[in-house]
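The block underneath contains the structure these notes are about, expressed in structure tokens.
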Amino acid sequence: MMIVGLTGGIGSGKTTVAGMFKDLGIPVYIADDAGKRLMSTSEEIKNSIIKIFGEESYHNSDPNRAFIASKVFKDQNLLTRLNNIIHPAVNADFAEWLKHQHSEYVLYEAAILFEIGRNSSCDFSILVIASKKLKIERLQKRDGSSISQIEDRMANQWSDEKKIPMADFLINNDDLESTFKRVKDIHSKILKAGKNS
1 MMIVGLTGGI GSGKTTVAGM FKDLGIPVYI ADDAGKRLMS TSEEIKNSII KIFGEESYHN
61 SDPNRAFIAS KVFKDQNLLT RLNNIIHPAV NADFAEWLKH QHSEYVLYEA AILFEIGRNS
121 SCDFSILVIA SKKLKIERLQ KRDGSSISQI EDRMANQWSD EKKIPMADFL INNDDLESTF
181 KRVKDIHSKI LKAGKNS
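Just so we're aligned: 73 in the numbering used here is position 73 of the sequence shown, and the numbers increase by one with no gaps anywhere.
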């Protein structure tokens, strides 16, 4: 079974694109959602995070996401340490999930696929891009973030220009109709590649 990585900068609409693949019958694993779930359910992760960020990082069993985010988006070292706790747990969770899938390929959606080298374990990678103006508009609509908060988060991610040469497929997600056509086109190419391998 092939693994196809799907990524894109914040506000690019990669979750919308993942939904389009799901509509075509492709199982989708969303690494960011898995990370959030594991932060709430794993005692080991909880204890590791409290050790770094202090008691304020959790309310009972629930991670204080706003508090943790305020720390990591200002401090690259803390972000790396948090990722070093979450990513191995997500990898193990994905491996377990994969055992129960029965399709030509699965989609592994992750915000920082290239940054952590996860693309090296994928058969193909897809990068979703959009104009900066549209990304900011989407994020303001989605979670009411200020432009400076959004730009802080964007500054912590690689630019599209850096990621484009690393991707096998590119989706410019400025218009949903053309995005869906592109998704169907990529879907056909991946299925064809699977038959030829």
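Just so you know, even glycine gets a beta-carbon here, dropped at the ideal spot from N, CA and C. Since the model is a prediction, treat every value here as computed from it, not as a measurement.
Once you ignore the five residues that flank residue i on each side, which residues in its own chain have a CB closer than 8 Å to its CB?
i	result
M39	I45, K46, I49, P63 and I86
Q157	G9, I10, A111, I112 and E115
Helix, strand or coil: which one does DSSP assign to residue i?
i	result
E115	coil
M20	helix
S70	helix
I129	strand
P27	coil
E55	helix
M1	coil
G35	helix
D175	coil
G11	coil
E109	strand
D75	coil
D185	helix
So, is residue i buried or exposed, given that buried needs 16 or more other C-beta atoms within 10 angstroms?
i	result
G144	exposed
K189	exposed
L6	buried
M166	exposed
D175	exposed
Would you check if the distance between the CB atom of residue i and the CB atom of residue j is smaller than 8 Å?
i	j	result
A110	D32	yes
N119	V17	no
A130	G13	yes
I126	V4	yes
V183	F21	yes
G25	S103	yes
I186	T179	no
Please return the same chain residues whose Cβ sits closer than 7 Å to the Cβ of residue i, not counting the five positions on each side in sequence.
i	result
I147	I136
S57	I49, I50, P63, N64, F67 and I68
Q201	For residue 201 there is no data in the structure shown, the boundaries of the chain being 1 and 197.
By how many angstroms is the C-alpha of residue j removed from the C-alpha of residue i?
i	j	result
F114	F169	13 Å
S121	N196	19 Å
E204	K132	Summary: the structure shown does not reach residue 204, with the chain confined to residues 1 through 197, and so no result is reported for it.
S61	K74	25 Å
D123	L191	12 Å
K99	V106	11 Å
S42	N84	15 Å
Looking only at its own chain, which residues have a Cβ that is under 6 Å from the Cβ of residue i, when we skip the five neighbours before and after it?
i	result
Y29	F94, W97 and Y108
G11	K135, R138 and L139
V72	L78, L79 and L82
V90	A31, A34 and G35
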